[in-house]
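The block underneath contains the structure these notes are about, expressed in structure tokens.
In the working numbering, the protein residues as written are 17 to 268.
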């Protein structure tokens, strides 16, 4: 008699080579033996997402109850992540947003959606989701703000990046090193080094230690501008608070 794990191995292998009919035969066999669980459906959702079969991935999520399996929030989040990795994250957001209304959406789910939309260049839609969080009484996290600040920086929307940072502070959310790195990266991109140093000083005041990424971002900018002496000064300052990584020593 096959175990659940054995069936899952077969199902994943069949989905990988796109033998979907045989895969479904195995699913129905598991159903007849009351062996289906959430992982069964997550395996298939992941495989569908990898070949950009968005509708099929959503279908798998929606039929779980019909097959006697209770869907849960981790499975919903998993579907988002699978589609993000499959390169169809923005599509899954569009098609699942209504479906998500029946779920108690947690901050992690909103964070996944914001990340997906920002990576697809749809930052204004991501902002809409952040506003939705507020109206549902779910406070945005520092991760969400770091994604917004980073994306604004990529798009050279520096004022928006600063506004997002200030909004985060108004909401009582403490900025961590990830948020500061995103903001410093945004300023470095447009060579606003006075602002970089200002926030570097603010980090020190608030007890947020820089890391190798902070160091490398600033050094890359300074060396790219031909300011080698300034780069050395910054390096000597930052290494008092953090450990450089291998990339630090190959910047040129």
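The C-beta atom is built at its ideal place from N, Cα and C for all residues, glycine as well.
Everything numeric in this text was worked out from a predicted model, so none of it was measured.
In the segment 221–265, which residue ranges form an unbroken alpha helix (DSSP H) of at least 4 residues, counting only runs that do not cross its ends?
228–240 and 244–254
In the DSSP assignment, find the unbroken alpha helix (DSSP H) run with residue 146 in it and report its ends.
As a position in the chain shown, residue 146 is number 130, starting the count at 1. Element bounds for residue 146: 139–151.
Secondary structure of residue 25, DSSP reduced to three states:
By 1-based counting over the chain shown, the position of residue 25 is 9. Correct three-state label for residue 25: helix.
Could you spell out where the alpha helix (DSSP H) holding residue 78 opens and where it closes?
Stepping through the chain shown from its first residue, residue 78 is reached at position 62. Run containing residue 78: 70–78, per the alpha helix (DSSP H) assignment.
Determine the extent of the alpha helix (DSSP H) in which residue 48 is found, giving its start and end residues.
Residue numbering aside, residue 48 sits at position 32 when the chain shown is read from its first letter. Start and end: 36–48.
What whole-angstrom Cβ distance do residue 203 and residue 211 have, given they're in contact under 8 Å?
Within the chain shown, the letter at position 187 stands for residue 203. Within the chain shown, the letter at position 195 stands for residue 211. Confirmed, about 4 Å.
What number of angstroms, rounded off, separates the C-alpha of residue 185 from the C-alpha of residue 161?
Start at 1 with the first residue of the chain shown, and residue 185 comes out as number 169. Start at 1 with the first residue of the chain shown, and residue 161 comes out as number 145. Answer to the nearest angstrom: the Cα atoms are 10 Å apart.
Where does the unbroken alpha helix (DSSP H) through residue 202 begin, and where does it stop?
The residue given as residue 202 occupies position 186 in the chain shown. It spans 193–205 - the alpha helix (DSSP H) in which residue 202 sits, taken as one unbroken run.
Top-ranked residue by Cα proximity to residue 97, from 79, 125 and 144
For the purposes of this step, residue 97 is taken as residue 81 along the chain shown, with counting starting at 1. For residue 97, the nearest C-alpha among the options comes from 125.
Option nearest residue 187 by Cα separation, candidates 253, 68 and 153:
For this step, residue 187 is matched to residue 171 along the chain shown. Comparing Cα-Cα distances from residue 187 to each of 253, 68 and 153, the minimum goes to 153.
Can you tell me whether DSSP reads residue 127 as helix, strand or coil?
Within the chain shown, the letter at position 111 stands for residue 127. If DSSP states are grouped into helix, strand and coil, residue 127 belongs with the helices.
Measuring only the C-alpha atoms, how far is residue 194 from residue 241?
On the chain shown, position 178 is the one that residue 194 refers to. On the chain shown, position 225 is the one that residue 241 refers to. Each residue's Cα considered, the two are about 25 Å apart.
Judging by CA-CA distance, which residue of 227, 144 and 201 is the nearest neighbour of residue 165?
As a position in the chain shown, residue 165 is number 149, starting the count at 1. Per the Cα distances, 201.
With DSSP collapsed to three states, give me the class of residue 171.
For the purposes of this step, residue 171 is taken as the residue at position 155 of the chain shown. The answer is coil: DSSP assigns residue 171 none of H, G, I, E or B.
So what's residue 58 in DSSP terms, helix, strand or just coil?
As a position in the chain shown, residue 58 is number 42, starting the count at 1. Residue state, collapsed to three classes: helix.
Would you say residue 86 reaches chain C, if we count a Cβ-Cβ gap shorter than 8 Å as a contact?
Judged by its chain identifiers, the structure shown contains no chain C, having just a single protein chain.
Quick check: the Cα distance between residue 85 and residue 181, rounded to an integer number of angstroms?
Position 69 of the chain shown holds residue 85. Position 165 of the chain shown holds residue 181. So the alpha carbons of these two residues sit roughly 42 Å apart.
Measure the alpha-carbon distance for residue 263 versus residue 233 and round it to whole angstroms.
The residue given as residue 263 occupies position 247 in the chain shown. The residue given as residue 233 occupies position 217 in the chain shown. Rounded to whole angstroms, residue 263 to residue 233 spans 10 Å at the Cα level.
Leaving out five residues on either side along the sequence, give the residues of the same chain with a beta carbon under 6 Å from the beta carbon of residue 247.
Here residue 247 refers to the residue found at position 231 when the chain shown is read from its first residue. Cβ within range, chain order: 235, 238 and 239.
Would you mind sorting residue 137 into buried or exposed? The rule is 16 or more other CB atoms within 10 Å of its CB.
The residue labelled residue 137 in the question sits at position 121 within the chain shown. By the neighbour-count rule (16 or more Cβ atoms within 10 Å), residue 137 is not buried but exposed.
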